[in-house]
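K.L.:
First the structure, then my questions, so here it is.
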Amino acid sequence: MTIYFSSNKIPALHEFSLHQRQAILTLAQSKLTAPEKFILNMIKLSLLIPPFLFIANLQGIALASSVALVLIAYFAVLRPIMLFFSQKHLDKAIAQYQKSEH
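Note that the working numbering numbers the sequence shown so that position 48 is 48, with each residue one more than the last.
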């Protein structure tokens, strides 16, 4: 499976608008199995804990800039991982979305 950094790069979602892609991805993420959700949450924790332990010792402007940098990096890394886990459920999610639209 290919890793995508944006939902508009996923071939199955090309024909949909941004709002529709978000709805379909939400449906796909709701179909994740318990082990997949557990792995995803462990990845999130492993990405968040070390930077915030470092940030806990900072003060002032260094604190604010570090928090902003960590949040940007978190979403830049987490988005492709979420898309990767959701890819195998996209067909079902697209079918469900199209059925609910009609």
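Glycine residues also receive a C-beta, built at the ideal position from the N, C-alpha and C atoms.
Can you name, in chain order, every residue of its own chain whose Cβ lies under 6 Å from the Cβ of residue 29, other than the five neighbours on each side?
P.N.:
Against the sequence shown, residue 29 aligns to sequence position 29. Closer than 6 Å at the Cβ level, and outside the excluded window around residue 29, lie 86.
K.L.:
Any idea if residue 93 is buried or exposed, counting beta-carbon neighbours within 10 angstroms, 16 or more meaning buried?
P.N.:
One-based indexing of the sequence shown puts residue 93 at position 93. Burial call: buried.
K.L.:
Pick from 89, 81 and 95: whose alpha carbon is nearest that of residue 44?
P.N.:
Numbered from 1 along the sequence shown, position 44 holds the residue referred to as residue 44. Of the candidates 89, 81 and 95, the one whose C-alpha sits nearest the C-alpha of residue 44 is 81.
K.L.:
Taking all protein chains shown into account, decide if residue 19 is buried (16 or more other Cβ within 10 angstroms of its Cβ) or exposed.
P.N.:
Numbered from its first residue, the sequence shown carries residue 19 at position 19. Answer is exposed; the Cβ neighbour count stays below 16.
K.L.:
Quick one: grab the DSSP three-state call for residue 101.
P.N.:
For the purposes of this step, residue 101 is taken as the residue at position 101 of the sequence shown. Residue state, collapsed to three classes: helix.
K.L.:
How long is the line joining the alpha carbons of residue 126 and residue 6, rounded to whole angstroms?
P.N.:
Lying before the first or after the last residue shown, residue 126 is absent from the chain, which here runs from 1 to 102.
K.L.:
Going by DSSP in three states, residue 57 sits in which element: helix, strand or coil?
P.N.:
Here residue 57 is taken as the residue at index 57 of the sequence shown, counted from 1. Looking at residue 57 - three-state DSSP - the assignment turns out to be coil, as it is neither helix nor strand.
K.L.:
Starting from residue 19, trace the alpha helix (DSSP H) both ways and give me its first and last residue.
P.N.:
Here residue 19 refers to the residue found at position 19 when the sequence shown is read from its first residue. From DSSP, the alpha helix (DSSP H) with residue 19 extends over 18–30.
K.L.:
What number of angstroms, rounded off, separates the C-alpha of residue 50 from the C-alpha of residue 62?
P.N.:
Residue numbering aside, residue 50 sits at position 50 when the sequence shown is read from its first letter. Residue numbering aside, residue 62 sits at position 62 when the sequence shown is read from its first letter. Computed Cα separation, rounded: 16 Å.
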